[in-house]
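In the working numbering, the protein residues as written are -5 to 209.
For glycine and all other residues, C-beta sits at the position ideal for the given N, C-alpha and C.
Beneath this line is the structure, given in structure tokens, with notes to follow.
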């Protein structure tokens, strides 16, 4: 990792900690931005780069663990907690909610850097996953309403004649829709289309036997 392709955010109300961490990261070739409060961090226009959030527990505006809880469904970088008042229950809650690590001050540089690189790698993977999912969603949105009806029947494993009967159309027409779906979704095979449908959480409501619903 270099300063050009990732960033580390530091939130700690101790300015000395912020400066020390910033100097350490600069020496390791990592860009960083330090804040003394969550409010300052949230006000900062974050660049669209993989990153890591080094977050203190005891902050002036909000507890770090509470901030993590409130932002469970928001896109913030993976968190590495640092604290001078660590305890087992707090560390367990933090890790269960997705924190990469929970480090008690004083911690070693090696330990911190390992956690930071793990967090950045995790963020890279998450960003790639989101980008791929957005691409699949765009492909799904290109389907016609009829093709959207055909898709779940095809990936459920129904034969063409069964799916056609379900929709009240001819088998030939069903095959045409199926071909267009494969093309628009850029699926190399039926198995590939099934995997795509699973990622998009397309509901499967039929089994192989026509007229029966899957449990």
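- With a cutoff of 9 Å on beta-carbon distance, residue 98 and residue 77 are scored as near each other.
- Buried is the label assigned to residue 45, since at least 16 other Cβ atoms lie within 10 Å of its Cβ.
- The shortest C-alpha to C-alpha distance from residue 174 to any of 152, 139, 125, 196 is the one to 139.
- Distance from the CA atom of residue 90 to the CA atom of residue 83, rounded to whole angstroms, is 11 Å.
- The count of Cβ pairs closer than 8 Å, one atom from the region -1 to 19 and one from the region 31 to 43, reaches three, so the stretches are in contact.
- Below 8 Å, enough C-beta pairs join the region 181 to 199 and the region 134 to 150 to call them touching: three or more.
- In the DSSP assignment, residue 85 falls within the unbroken alpha helix (DSSP H) covering 82 to 90.
- Taking C-beta atoms under 8 Å as the contact rule, residue 87 and residue 59 qualify, at a distance of about 6 Å.
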